[in-house]
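Taken in order, the sequence shown gives residues 641 to 883; the numbers are from our numbering.
The C-beta atom is built at its ideal place from N, Cα and C for all residues, glycine as well.
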Amino acid sequence: MAYENGIFGCRGVGISFGGRAILRDVSLAVAPGEVLGLVGPNGAGKTSLFEILCGRYTASAGEVFLKDQDITRRAVHDRARLGLARTYQSPVVPQALTIAETFRAARYAYSPYKTRMEAEWACHLANFRQSWDRIAGSLDTFDRRKLLLACLLMRRPAVLLLDEPASGLINSEIDELDLIIRRLVDEYHIAAILIEHRLELLSAIADRTVVLDMGEVIATGTPQEVFRNPRVLAAYFEEPAHG
Ligand SMILES: Nc1ncnc2c1ncn2[C@@H]1O[C@H](COP(=O)(O)OP(=O)(O)O)[C@@H](O)[C@H]1O
Ligand SMILES: [Mg+2]
Numbered sequence: 641m642a643y644e645n646g647i648f649g650c651r652g653v654g655i656s657f658g659g660r661a662i663l664r665d666v667s668l669a670v671a672p673g674e675v676l677g678l679v680g681p682n683g684a685g686k687t688s689l690f691e692i693l694c695g696r697y698t699a700s701a702g703e704v705f706l707k708d709q710d711i712t713r714r715a716v717h718d719r720a721r722l723g724l725a726r727t728y729q730s731p732v733v734p735q736a737l738t739i740a741e742t743f744r745a746a747r748y749a750y751s752p753y754k755t756r757m758e759a760e761w762a763c764h765l766a767n768f769r770q771s772w773d774r775i776a777g778s779l780d781t782f783d784r785r786k787l788l789l790a791c792l793l794m795r796r797p798a799v800l801l802l803d804e805p806a807s808g809l810i811n812s813e814i815d816e817l818d819l820i821i822r823r824l825v826d827e828y829h830i831a832a833i834l835i836e837h838r839l840e841l842l843s844a845i846a847d848r849t850v851v852l853d854m855g856e857v858i859a860t861g862t863p864q865e866v867f868r869n870p871r872v873l874a875a876y877f878e879e880p881a882h883g
């Protein structure tokens with residue numbers, strides 16, 4: 641596998657809940673300047689894999705690596721300090737704080753504190769253009785995502801894990817999101833793993849795609865390659881096989 645080229649990834653990861661295997665022998669790696677699409681039907685295990693990668697779940701098997709280090713046993717905040725950043729499926733922002741207060745809280749959450757200038761720079765990178773007097777809870781889905789992304793970008797992460805960042809967005813917003821991600825990857829050489837359950841959305845943004853189905857990697861390749869893969873089409877469009 642591409643362990644050597646990858647700055648971040650995992651090898652042989654497995655996890656079970658209540659005796660049911662949710663992930664089995666999952667390996668993937670992403671390189672700086674690359675967008676890796678992680679795709680698969682709902683319930684395939686994509687978010688669970690992110691939980692393991694970022695350290696909120698402990699895998700029962702396998703390893704997670706970052707910059708040549710085995711980080712399998714590292715805590716979430718340790719991984720963050722090493723350059724790992726992650727977003728969640730639902731963009732939860734502080735309901736009652738202004739955007740300025742949200743940034744202040746985010747700046748002071750890091751050590752050493754991030755400056756206001758670094759927050760402004762991150763807003764620029766995330767295309768976040770709202771007035772800082774606004775209440776964060778009044779933002780729409782896309783602006784919430786941009787705000788949370790800007791809070792992460794202040795830290796200048798090396799690796800960005802994005803869980804369904806396009807969900808709830810309209811087409812023109814998805815195009816803008818693709819441009820934002822592309823710029824982070826091309827100009828700042830961030831390694832990005834992007835979860836999306838709609839295969840077709842990945843063709844515009846992903847350099848490479850890993851397809852997960854029922855907890856297992858069933859295909860890897862360019863979006864065009866996996867799109868034609870019979871196993872992938874079956875996972876998406878067929879009823880589960882009988883017998
Ligand atoms: N903490 C948990 N406890 C029990 N089951 C879980 C837990 N997290 C996820 N699952 C189960 O794991 C499977 C994969 O879920 P998930 O990783 O959210 O899939 P995806 O993100 O691909 O839609 C689902 O069947 C889900 O119910
Ligand atoms: Mg999910």
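At what residues does the alpha helix (DSSP H) containing residue i begin and finish?
i           : result
residue 796 : No alpha helix (DSSP H) contains residue 796, which DSSP labels as neither H nor E.
residue 716 : 716-721
residue 739 : 739-748
residue 756 : 756-765
Let's test the definition: count the other Cβ atoms within 10 Å of the Cβ of residue i and tell me whether it reaches 16, buried, or not, exposed.
i           : result
residue 865 : exposed
residue 803 : buried
residue 788 : buried
residue 708 : exposed
residue 782 : buried
residue 837 : buried
residue 752 : exposed
residue 649 : buried
Indicate the three-state DSSP secondary structure (helix, strand or coil) for residue i in the structure shown.
i           : result
residue 626 : Here the chain has residues from 641 to 883 only, and residue 626 is not among them.
residue 783 : helix
residue 814 : helix
residue 789 : helix
Output needed for residue i: all residues of its chain with C-beta closer than 6 Å, excluding positions within five of it in sequence on either side, in chain order.
i           : result
residue 791 : 746
To which residues of the same chain is residue i closer than 7 Å at the C-beta, ignoring the five residues directly before and after it?
i           : result
residue 697 : 655, 688 and 691
residue 816 : 767
residue 757 : none
residue 826 : 673
If you follow the beta strand (DSSP E) that residue i is part of, which residue opens it and which one closes it?
i           : result
residue 581 : Any property of residue 581 remains undetermined from this structure, which presents the chain solely from 641 to 883.
residue 668 : 660-670
residue 653 : 648-657
- Message: Extract the residue ranges of the alpha helix (DSSP H) inside the region 827-881, only unbroken runs of 4 or more that lie entirely within it.
- Response: 839-842, 863-868 and 870-877
- Message: At 4 residues or longer, what runs of the alpha helix (DSSP H) sit wholly inside the region 672-721?
- Response: 686-694 and 716-721
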